[in-house]
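What follows is a short report on a single structure.
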Amino acid sequence: MIWTTSICVCRSMLSTQFSSYRIDIVDAELYYVPNWLSQHDCVSSWYQQLADELAWQQDEIKVFGKLHRIPRLQAWYGDAEASYRYSGQSMQPRPWSSSLSRLRHALAHDQLVFNSVLANWYRDGHDKMGWHSDNEPELGRNPTIASISVGSSRTFQLKHRITSKRIDLELEDGSLLIMAGPMQHFWQHALPARKRISQGRINLTFRQVAQL
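Each residue of the sequence shown is one higher than the last, beginning at 0 in numbering that gives the first Met the number 0.
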């Protein structure tokens with residue numbers, strides 16, 4: 000059982016609640032639920048709704064001393080205290096939007112409680128995310144992260160830090176991916192470019208951020 004400042008995420012709950020959706024990989028708890036969104040909401044226009052509603056921006060990161068625009072759009076929402084820092088960026092949350100609040104409530108219905116969400120908009124197959132782990136101190140020792148995908152399907156890649164074993168997962172429209180346990184210690188993940196894809200995808204990664 001893992002405690003944060005405001006919630007308790009119980010591994011046995013995940014194993015029971017999502018047991019039929021577990022992906023069997025070493026050094027991680029990983030669950031993939033296709034069509035999760037349709038089980039909780041009949042709205043079919045989530046992609047356009049989020050594209051229109053969220054305050055998107057294209058941030059810059061410093062690589063070898065030079066600033067580069069990230070190859071995607073981002074938005075950070077959450078409770079007032081859920082400030083977050085990664086890749087040299089300090090992010091202050093915007094108040095929950097109507098759509099994000101509904102999705103947060105749907106996750107809570109499945110006993111997944113979070114205080115923040117990072118939204119990434121991959122406008123087409125040229126937009127991407129490089130290899131990384133979500134292992135910032137604010138997320139806790141073994142964070143549980145819930146990732147909702149809407150729009151075009153994209154390939155989500157995993158790579159083990161020690162063995163270099165790779166796994167590819169196709170994340171479909173309306174799906175839910177849950178990463179938990181020691182996964183962020185042992186695995187990196189990425190979303191590579193797929194230049195033949197012309198449609199967009201929005202990914203929402205719900206997190207519990209603690210004040211350190």
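In this text, a Cβ means the ideal position worked out from N, Cα and C, and glycines have one as well.
Remember, it's a predicted structure, so these values are computed and weren't measured experimentally.
>> Could you tell me the alpha carbon to alpha carbon distance between residue 97 and residue 105, rounded to whole angstroms?
In response: 13 Å
> Between which two residues does the beta strand (DSSP E) harbouring residue 115 extend?
Replying inline: 115-121
> What number of angstroms, rounded off, separates the C-alpha of residue 168 from the C-alpha of residue 53?
Replying inline: 27 Å
> Which whole-angstrom value is the C-beta distance of residue 180 and residue 141, which I expect to be below 8 Å?
Replying inline: 6 Å
>> Can you tell me whether residue 206 is helix, strand or coil according to DSSP?
In response: strand
> Along the chain, which unbroken stretches of the alpha helix (DSSP H) at least 4 residues long are found entirely within the segment 90-167?
Replying inline: 97-108
>> Measuring straight from C-alpha to C-alpha, what distance separates residue 81 and residue 114?
In response: 7 Å
> Relative to the C-alpha of residue 164, which residue among 187, 178 and 146 is closest?
Replying inline: 187
> In the structure shown, what three-state DSSP assignment does residue 37 receive?
Replying inline: helix
> When you compare only the Cα positions, how much space is there between residue 149 and residue 155?
Replying inline: 14 Å
>> Among 67, 75, 62 and 85, whose alpha-carbon lies nearest the alpha-carbon of residue 94?
In response: 75
>> Just to confirm my understanding: we take residue 59, look at its own chain, exclude 5 residues before and 5 after, and list those with CB closer than 6 Å. What are they?
In response: 66 and 68
> Bridge partners of residue 176, per DSSP?
Replying inline: 31 and 146
>> Can you look up residue 13 in the DSSP assignment and give me helix, strand or coil?
In response: helix
> Quick one: does residue 119 have its CB under 9 Å from some CB of chain B?
Replying inline: Absent here is chain B; the protein component of the structure consists of one chain.
> Among the residues of its own chain, which have a CB less than 8 Å from the CB of residue 146, if the five just before and after it don't count?
Replying inline: 170, 175, 176, 177, 178, 202, 203, 204 and 205
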